[in-house]
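Number of protein chains: 2
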Amino acid sequence: MAPSPTALSVALLGCGTVGQEVARILMEDAEELAARTGARLDLVGVGVRDTSADRGPHVSRDIVTADLEGLVDRADIVVELMGGLEPAGSLILRALRAGKTVVSANKALIAARLEELSTAATESGVQFSYEAAVAGAIPILRPIRDSLAGDRITSIMGIVNGTTNYILDMMTTHGSGFDDALARAQELGYAEADPTADVGGGDAAAKAAILASLGLHTVFPLEAVHTEGITEVTSRDIEAARASGHVIRFLAIAERVAREGGADAASVRVHPTLVPADHPLAAVRGAFNAVYVTADNAGELMFMGQGAGGAPTASAVMGDLVSAARRVVAGGPGRTEAAARSIEALPFAESRTRYAVAVVVEDRPGVLEQIARVFSAHGQSIESMSQGRAPEGADAAAELRIITHEGAEGDLHATVQDLASLPSVIRKPTFMRVGAK
Amino acid sequence: MAPSPTALSVALLGCGTVGQEVARILMEDAEELAARTGARLDLVGVGVRDTSADRGPHVSRDIVTADLEGLVDRADIVVELMGGLEPAGSLILRALRAGKTVVSANKALIAARLEELSTAATESGVQFSYEAAVAGAIPILRPIRDSLAGDRITSIMGIVNGTTNYILDMMTTHGSGFDDALARAQELGYAEADPTADVGGGDAAAKAAILASLGLHTVFPLEAVHTEGITEVTSRDIEAARASGHVIRFLAIAERVAREGGADAASVRVHPTLVPADHPLAAVRGAFNAVYVTADNAGELMFMGQGAGGAPTASAVMGDLVSAARRVVAGGPGRTEAAARSIEALPFAESRTRYAVAVVVEDRPGVLEQIARVFSAHGQSIESMSQGRAPEGADAAAELRIITHEGAEGDLHATVQDLASLPSVIRKPTFMRVGAK
Numbered sequence: 001m002a003p004s005p006t007a008l009s010v011a012l013l014g015c016g017t018v019g020q021e022v023a024r025i026l027m028e029d030a031e032e033l034a035a036r037t038g039a040r041l042d043l044v045g046v047g048v049r050d051t052s053a054d055r056g057p058h059v060s061r062d063i064v065t066a067d068l069e070g071l072v073d074r075a076d077i078v079v080e081l082m083g084g085l086e087p088a089g090s091l092i093l094r095a096l097r098a099g100k101t102v103v104s105a106n107k108a109l110i111a112a113r114l115e116e117l118s119t120a121a122t123e124s125g126v127q128f129s130y131e132a133a134v135a136g137a138i139p140i141l142r143p144i145r146d147s148l149a150g151d152r153i154t155s156i157m158g159i160v161n162g163t164t165n166y167i168l169d170m171m172t173t174h175g176s177g178f179d180d181a182l183a184r185a186q187e188l189g190y191a192e193a194d195p196t197a198d199v200g201g202g203d204a205a206a207k208a209a210i211l212a213s214l215g216l217h218t219v220f221p222l223e224a225v226h227t228e229g230i231t232e233v234t235s236r237d238i239e240a241a242r243a244s245g246h247v248i249r250f251l252a253i254a255e256r257v258a259r260e261g262g263a264d265a266a267s268v269r270v271h272p273t274l275v276p277a278d279h280p281l282a283a284v285r286g287a288f289n290a291v292y293v294t295a296d297n298a299g300e301l302m303f304m305g306q307g308a309g310g311a312p313t314a315s316a317v318m319g320d321l322v323s324a325a326r327r328v329v330a331g332g333p334g335r336t337e338a339a340a341r342s343i344e345a346l347p348f349a350e351s352r353t354r355y356a357v358a359v360v361v362e363d364r365p366g367v368l369e370q371i372a373r374v375f376s377a378h379g380q381s382i383e384s385m386s387q388g389r390a391p392e393g394a395d396a397a398a399e400l401r402i403i404t405h406e407g408a409e410g411d412l413h414a415t416v417q418d419l420a421s422l423p424s425v426i427r428k429p430t431f432m433r434v435g436a437k
Numbered sequence: 438m439a440p441s442p443t444a445l446s447v448a449l450l451g452c453g454t455v456g457q458e459v460a461r462i463l464m465e466d467a468e469e470l471a472a473r474t475g476a477r478l479d480l481v482g483v484g485v486r487d488t489s490a491d492r493g494p495h496v497s498r499d500i501v502t503a504d505l506e507g508l509v510d511r512a513d514i515v516v517e518l519m520g521g522l523e524p525a526g527s528l529i530l531r532a533l534r535a536g537k538t539v540v541s542a543n544k545a546l547i548a549a550r551l552e553e554l555s556t557a558a559t560e561s562g563v564q565f566s567y568e569a570a571v572a573g574a575i576p577i578l579r580p581i582r583d584s585l586a587g588d589r590i591t592s593i594m595g596i597v598n599g600t601t602n603y604i605l606d607m608m609t610t611h612g613s614g615f616d617d618a619l620a621r622a623q624e625l626g627y628a629e630a631d632p633t634a635d636v637g638g639g640d641a642a643a644k645a646a647i648l649a650s651l652g653l654h655t656v657f658p659l660e661a662v663h664t665e666g667i668t669e670v671t672s673r674d675i676e677a678a679r680a681s682g683h684v685i686r687f688l689a690i691a692e693r694v695a696r697e698g699g700a701d702a703a704s705v706r707v708h709p710t711l712v713p714a715d716h717p718l719a720a721v722r723g724a725f726n727a728v729y730v731t732a733d734n735a736g737e738l739m740f741m742g743q744g745a746g747g748a749p750t751a752s753a754v755m756g757d758l759v760s761a762a763r764r765v766v767a768g769g770p771g772r773t774e775a776a777a778r779s780i781e782a783l784p785f786a787e788s789r790t791r792y793a794v795a796v797v798v799e800d801r802p803g804v805l806e807q808i809a810r811v812f813s814a815h816g817q818s819i820e821s822m823s824q825g826r827a828p829e830g831a832d833a834a835a836e837l838r839i840i841t842h843e844g845a846e847g848d849l850h851a852t853v854q855d856l857a858s859l860p861s862v863i864r865k866p867t868f869m870r871v872g873a874k
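Chains as they are written, first to last, in the working numbering: chain A, 1 to 437; chain B, 438 to 874.
What follows is the structure, given as structure tokens:
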């Protein structure tokens, strides 16, 4: 066996907020990291497109380079923090194929090309890890991949986007409207100037695909994630949720669904969800993230922490880096779990959950029966029904709030469509999904 | 390189509740586990002292043996679930020295002999893992060891004993007395007939030592854990805690403490602690466990789940087993982190926290000033003082409830001693520690 290396050269690709924090930690904690790893971690280069920009006090100008491929070639470990699909994808593949360990925080890339990148790592016998790509500082991917490796995960529900949790929390606790809450999130730097990826659900969908892939031992395609953002959540929805003992949380959900006489399927989706007010996910406030996992043997587990920010994300990157470096020092090949078996995406129409449906109706005898008949005709069984105050501008009306037992999306959509066509129904009914019993 | 094995032989030492669950999972999920691991996991033997006892439906009688050493010798992976110091310790050492992978759930043994066992594993280049020893199903040791490997943990606070959390929760939410709550816990099977290890804190102390060792990168001796149980917590304490906006939780605490002009020290202790009512640890109900970790970069993290029970504990054992088996299949040597640097135990008198002190005094002018002077003489600064109702049988008295700013244990003890000697103080003052700001 070759002697253990006494130093490993580390290349940083990208040097924004997270990259600068990684550089800082590598410098400030060099001695302690070397003791824990068994070898020094030497930052040999920082690859960026614009070499003239200031990279903060922890990156010396003489290691900054625009020659990204050259930098990859002279490193033992490549840390990719550029984001985006290219050139990040090509650079990571180049590194993995050359037998280099790779750490990445690039959720979009990983959600899009997990299988290809994992296969390249396995073929070269190196580690490819990306804990920081989901839920920032929270150790969630490693526990799912390793600690729960001998269990069967049946459901993962995550608050994986801090911006939207902050917005929903502001709407819930301060009665803010969506636009005000978003503006406040932007002021505080939680939300980007263009908040589409957050409030539209794209960011959460990428994380859902990664959680589903690892948790359900498959490669779940990003395109198959059913995605609804929070842009249409109103103060009225929040109030109705409260009235039924719930709060609204924006969840990324990956469920293993048993199908009669067939293999299990995966229901992976991102949408605003009613969560019971006493559920641990309801207690996740502000910009925090949390992931709630249910497994056959472990039962229920929750992981909570900071989902974004330079230092927290850098903590997750550094955990991957030290773990992978230890492996290099020990001399063994890595093993990134290959997708052991594949699990089919459940057609969204077959996805099952409970629903909270709001129907504004004429306030006269017989209407309730009509409404109930529509639910029943589509096999949607009603758990509770209550009457809320009529919305503004609809004086002769009442709002029925119905919570259903578990039913299929397809049936629910058909129910809503039929409700809308009833003469006694004044507005198109709205609904939210109820999760986390 | 030798070809990867297609099957690995697994030996179970001990076959109680957890062992039977591990046997069940190995049998029921054999195919899926093989796909995830890359090799079959064959249960080749179950070692027990009494071979005639029934071991449930998942352990076939012909693999049960009393020849523990012989069983160890013919296994690739040894799963030790016997508990106790011996013969578990000798058997594990025998296995490790012979280059076998070992998984254990034996907190008492690991707290007592972590250094020796880890060294044996490192020397043989094999994995020794024991996730199930702390907080049952909750993945906590692996995240601390690997995911936070590049961060600096400053504090770990854990609810790591479900029995005591159940008792305190019953006292808090139902107003039960300690004895009633304990009796109920015994009825439900949460507490043993002899509850000493739980309510006296011995169980939590072993877990605190393990958390401290991994989290602070040292080997923290069990004897150096300051341990106070919950047997003296009264309904009155619970009520006083509530009055000041707290709940009482039984915490295992491991803190890194900076000392002027010297190396950091470790304060590791187990005691009932006042936790703010809106702190996530206050929301941990019933027999659940949770561990709250603070690190320089990650910030605050919480891990919650089931801390005991056959299936949850077996989940953690299986996670270790599959992870270690993957490593064997990949052909690389393992690396159990050696204690990279040692950190001294902080003398308990130097341990610092806030305190809630209850003093029953004569209800007359000037007493308050006397009391305050004692605190001040010992450098204990007072954060708040309020007057509670007098305890039963002390009519002419008042109870002062004082919460201090952070101060040292030694000073607090001296303060309490001096308070007790004041003529105006009617009973020996009591105190609880206030944590988790």
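Using N, Cα and C, we set each Cβ at its ideal position, and we do this for glycine too. Everything numeric in this text was worked out from a predicted model, so none of it was measured.
message = Using a Cβ-Cβ distance cut-off of 7 Å, determine whether P442 of chain B contacts chain A.
response = no
ask   = R256 of chain A and T154 of chain A look like a contact to me (Cβ under 8 Å); what is the Cβ gap, rounded to whole Å?
value = 5 Å
query = From B:E697, B:D487, B:P658, B:A793, pick the residue whose C-alpha is nearest to that of H850 of chain B; which is it?
reply = B:A793
Min CB distance L738 of chain B to chain A below 7 Å = Taking 7 Å as the CB threshold, L738 of chain B lines the interface with chain A.
key: Integer Cβ distance of A574 of chain B from L301 of chain A, believed to fall under 8 Å   = 7 Å
message = Can you tell me which residues form a DSSP beta bridge with G612 of chain B?
response = Paired residue(s): none; G612 of chain B is not in a bridge.
message = By the 8 Å beta-carbon criterion, what residues does the segment 94-107 of chain A contribute toward chain B?
response = none
Beta-carbon spacing of L478 of chain B, V509 of chain B below 7 Å = Here L478 of chain B is not near V509 of chain B, since their CB atoms are 7 Å or more apart.
inquiry  = Using the three-state DSSP reduction, which class does R722 of chain B fall into: helix, strand or coil?
reply    = coil
ask   = So which residues on chain B does A137 of chain A lean against when the C-beta distance must stay under 7 Å?
value = Below the 7 Å Cβ cutoff, chain B contributes A735, G736, L738 as neighbours of A137 of chain A, in chain order.
message = Can you tell me whether G736 of chain B is helix, strand or coil according to DSSP?
response = strand
Proximal chain A residues relative to V759 of chain B, where beta-carbon distance stays under 7 Å = A149, G150
task = State yes or no: is the beta carbon of G599 of chain B nearer than 7 Å to at least one beta carbon in chain A?
result = Taking Cβ atoms only, chain A never reaches closer than 7 Å to G599 of chain B, which makes this a no.
request  = Verify the CB distance criterion: does A30 of chain A have a CB-CB separation below 7 Å to chain B?
outcome  = no
ask   = Quick one: what's got a C-beta closer than 7 Å to P866 of chain B's C-beta in the same chain, skipping five residues either side?
value = V794, A795, V796, V853, L856, A857
ask   = Taking the C-alpha atoms as reference points, what is the distance between E350 of chain A and G261 of chain A?
value = Taking the straight line joining both Cα atoms gives about 15 Å.
ask   = Would DSSP call I514 of chain B helix, strand or coil?
value = Assigned with DSSP and collapsed to three states, I514 of chain B falls in strand.
ask   = Okay, do the segment 821-829 of chain B and the segment 656-663 of chain B touch, 3+ Cβ pairs below 8 Å being the bar?
value = no
inquiry  = Let me check understanding here. Comparing Cα to Cα, which of B:H611, B:R673, B:Q743 lies closest to P828 of chain B?
reply    = B:R673
inquiry  = Going by beta-carbon coordinates alone, are G756 of chain B and L148 of chain A separated by less than 7 Å?
reply    = yes
inquiry  = Is there a Cβ of chain A sitting closer than 7 Å to that of M594 of chain B, yes or no?
reply    = Closer than 7 Å: no.
ask   = What number of angstroms, rounded off, separates the C-alpha of A36 of chain A from the C-alpha of G150 of chain A?
value = Residue identity check: residue 36 of chain A is Arg in the sequence provided, not Ala. Roughly 28 Å separates the two Cα atoms.
ask   = In chain E, which residues lie less than 8 Å from A700 of chain B when you measure between Cβ atoms?
value = This model lacks chain E altogether, as its protein chains are A and B.
request  = Let me know the secondary structure DSSP gives P802 of chain B once reduced to three states.
outcome  = coil
ask   = From I684 of chain B to D635 of chain B, what distance separates their C-alpha atoms?
value = The residue asked about is misnamed: residue 684 of chain B is Val in this sequence, not Ile. So the alpha carbons of these two residues sit roughly 19 Å apart.
ask   = Is it buried or exposed for P139 of chain A, if we count other Cβ within 10 angstroms and need 16 for buried?
value = buried
ask   = Any heavy atom of the ligand ADP closer than 6 Å to the CB of I371 of chain A?
value = In the structure shown, the ligand ADP is absent, as is every other ligand, since no ligand is present at all.
Meets three-Cβ-pair contact criterion under 8 Å: the segment 442-459 of chain B and the segment 492-505 of chain B = Yes, they touch.
inquiry  = Looking at the secondary structure, which residues open and close the beta strand (DSSP E) in which P632 of chain B lies?
reply    = Segment: none, P632 of chain B is in no beta strand (DSSP E) and carries neither H nor E.
inquiry  = Using a Cβ-Cβ cutoff of less than 7 Å, which residues in the same chain neighbour R113 of chain A once the five nearest sequence positions on both sides are dropped?
reply    = So the list reads G89, once near-sequence residues are dropped.
task = State the DSSP-derived secondary structure class of H850 of chain B, mapped to helix, strand or coil.
result = helix
key: Beta bridge counterpart(s) of S566 of chain B as assigned by DSSP   = B:V540
query = Who are the near neighbours of A696 of chain B in its chain, counting only those whose CB is closer than 6 Å to its CB and skipping five residues on each side?
reply = It is worth fixing the name first, because residue 696 of chain B is Arg in this sequence and not Ala. Same-chain partners within the cutoff: A702.
ask   = With 7 Å set as the bound, which would you pick, yes or no: does the beta-carbon of G56 of chain A sit closer than that to a beta-carbon of chain B?
value = no
task = Using a cut-off of 8 Å between C-beta atoms, extract the partners of R498 of chain B located in chain A.
result = None at all; the shortest Cβ gap to chain A is about 24 Å.
ask   = Taking only beta-carbon atoms, is A311 of chain A less than 7 Å away from chain B?
value = yes
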